[in-house]
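Note sheet for the following structure.
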Amino acid sequence: MKKQKITVFLPAYNEEDSVGQVIKDIPRCFHKSIEVEVIVIDDGSTDSTVKEAWKAGADDVVSFPSNRGLGAAVRQGLEECFRRGADIGVMIDADGEYPAEQIPELITPILNGMSDYTMGSRFMGTIKGMKFHRRMGNYVFTFLQMILLRKWLYDGQSGMRAFSRNALKHAEIIHDYNYAQVLTLNLVRKGFRVLEVPIRYRVRCTGTSFITFRKYMSNVLPAVIKEMKRPVEKVSMLEEKEKSKDISYKQA
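The opening position of the sequence shown corresponds to residue -13 in my numbering, with each subsequent residue numbered one higher.
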């Protein structure tokens, strides 16, 4: 049986204190029919992020010459996963807030044919240390996504997601600043099945965030409006099913 290739990418900007531990926490050998590759998308870091990534065992680092934004880094990560032949692509923030050890749980619905796109849900799982204003901001933007998609979601801003190869191929991020809302809107509107997986979340205590509140509000809302106005075509899942080499996978 041919192994399934899982490519995990970490968008990172000045995360020298945390990126290494995240890489070390990524499970490499959790199923005999799965091989895991780890790459870092360095968004023009000015600290030792790249050095720490290599030191921790990253398989590759793709660096931008200057800071372009989280949306650009995630877009590059999705493209890298597809180009490298990944059957499933996984994105996880490099700040240590998201549980890399739960990646097997995140990809299981895709491996078993239950979903095309999964998100690690903080609000279905456990949260440690999130401040009130951040929690409310997550609620507001997730509620906006629910209204636009007419679909129930618990956590539309998650920094831990997985994509089938077909989802990798068709995912579009229309601006460089952020990706969280527009990516889900784009994939669901194209007919991809989304599923949330409960995760354990802890708030960052190191590093530099890509996001500031003022820029977030001024950039994301126009991007959401732009995405919803764009015509998109439904993607046929028939070809994906015919070519699927999914393995039956169960969590121990």
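Where a beta carbon is used, it is the ideal one built from N, C-alpha and C, also for glycine. On a predicted model such as this, the values are computed, not experimentally measured, just so you know.
Original post:
Near Lys(-11), what residues of its chain come up, given a Cβ to Cβ distance below 7 angstroms and the 5 sequence neighbours on each side ignored?
Top reply: Beyond the five residues adjoining it in sequence on each side, Lys(-11) comes within less than 7 angstroms, by CB distance, of Ser19, Ile20 and Glu21 in the same chain, given in chain order.
Subject >> Cα-Cα separation, Thr94 to Glu2 >> reply: Whole-angstrom Cα-Cα distance: 30 angstroms.
Subject >> Three-state secondary structure (DSSP) of Gly193 >> reply: With a pLDDT of 49 at Gly193, under the threshold of 50, the predicted position of this residue should be treated as unreliable, though the coordinate-derived value follows. Of the three classes helix, strand and coil, the one that applies to Gly193 here is coil, per DSSP.
Original post:
Between Gly145 and Tyr187, is the Cβ-Cβ spacing less than 7 angstroms?
Top reply: Between Gly145 and Tyr187, the gap from beta carbon to beta carbon reaches 7 angstroms or more.
Original post:
Buried or exposed: Gly106, going by 16 or more other Cβ atoms within 10 Å of its Cβ?
Top reply: Classification of Gly106: buried, given that the 10 Å Cβ count is 16 or more.
**OP:** Tell me whether Ala238 sits in a helix, a strand or coil according to DSSP, three-state version.
**Re:** Residue placement at Ala238 is poorly supported in this model, since its pLDDT is 46, which falls under 50; the coordinates are not used for a value here.
**OP:** State buried or exposed for Met110, treating a residue as buried only when at least 16 other CB atoms are found within 10 Å of its CB.
**Re:** Answer is exposed; the Cβ neighbour count stays below 16.
Original post:
Are the beta-carbon atoms belonging to Gly63 and Met77 less than 7 angstroms from one another?
Top reply: Yes.
Original post:
How about Ile9 and Gly43: do their beta carbons lie closer than 7 angstroms?
Top reply: Between Ile9 and Gly43, the C-beta gap is smaller than 7 angstroms, which places the two residues in contact.
Subject >> Segment contact, 8 angstroms Cβ cut-off, at least three pairs: the region 65 to 81 with the region 146 to 165 >> reply: Yes: the two stretches touch, three or more of their Cβ pairs being nearer than 8 angstroms.
Original post:
For Asp11, which of Ile89, Phe50 and Val60 has the nearest alpha-carbon?
Top reply: Cα-wise, what sits closest to Asp11 is Ile89.
Subject >> For Arg147: DSSP bridge partner residues >> reply: For Arg147, the pairing in a beta bridge is given by DSSP as Met77 and Met105.
**OP:** Determine the extent of the alpha helix (DSSP H) in which Asp3 is found, giving its start and end residues.
**Re:** No alpha helix (DSSP H) contains Asp3, which DSSP labels as neither H nor E.
Original post:
CB Leu(-4) to CB Ala80, shorter than 7 angstroms?
Top reply: Cβ atoms of Leu(-4) and Ala80: closer than 7 angstroms.
Original post:
Roughly how many whole angstroms lie between the Cα atoms of Glu87 and Thr170?
Top reply: One C-alpha to the other measures close to 23 angstroms.
Subject >> Minimum length 4: unbroken alpha helix (DSSP H) runs contained in the region 32 to 106 >> reply: Listed in chain order, the complete alpha helix (DSSP H) runs (minimum 4 residues) inside the region 32 to 106 are 35 to 42, 56 to 69 and 89 to 97.
**OP:** Starting from the Cα of Cys15, find the closest Cα among Lys220, Pro51 and Ile(-8) and give me that residue.
**Re:** With distances taken between CA atoms, Cys15 lies nearest to Ile(-8) out of Lys220, Pro51 and Ile(-8).
Original post:
For Lys231, which residues of its own chain have a beta-carbon under 8 angstroms away from its beta-carbon, when the five flanking residues on both sides are left out?
Top reply: For Lys231, the predicted structure reports a pLDDT of 48, less than 50, and the residue's modelled location is therefore unreliable. A value from the coordinates is still provided. Around Lys231: Lys(-12), Gln(-10) and Asp73.
Subject >> Start and end residues, alpha helix (DSSP H) containing Arg175 >> reply: Bounds of the alpha helix (DSSP H) holding Arg175 are Ala166 to Arg175.
Original post:
Which residue's Cα is closest to the Cα of Val183: Val5, Arg147, Glu23 and Ile25?
Top reply: The shortest CA-to-CA distance from Val183 to any of Val5, Arg147, Glu23 and Ile25 is the one to Arg147.
Subject >> Beta-carbon proximity list for Lys155, same chain, < 8 angstroms, skipping 5 on both sides >> reply: Hits under 8 angstroms: Phe68.
Original post:
Could you give the distance in angstroms between the alpha-carbon of Gln65 and the alpha-carbon of Ala(-2)?
Top reply: Looking at the sequence itself, residue 65 is Glu, so the reference to Gln does not match. Roughly 16 angstroms between the two C-alpha positions.
**OP:** State the Cα-Cα distance for the pair Gly75 and Ala157, rounded to the nearest angstrom.
**Re:** When rounded, the distance between both Cα atoms is 12 angstroms.
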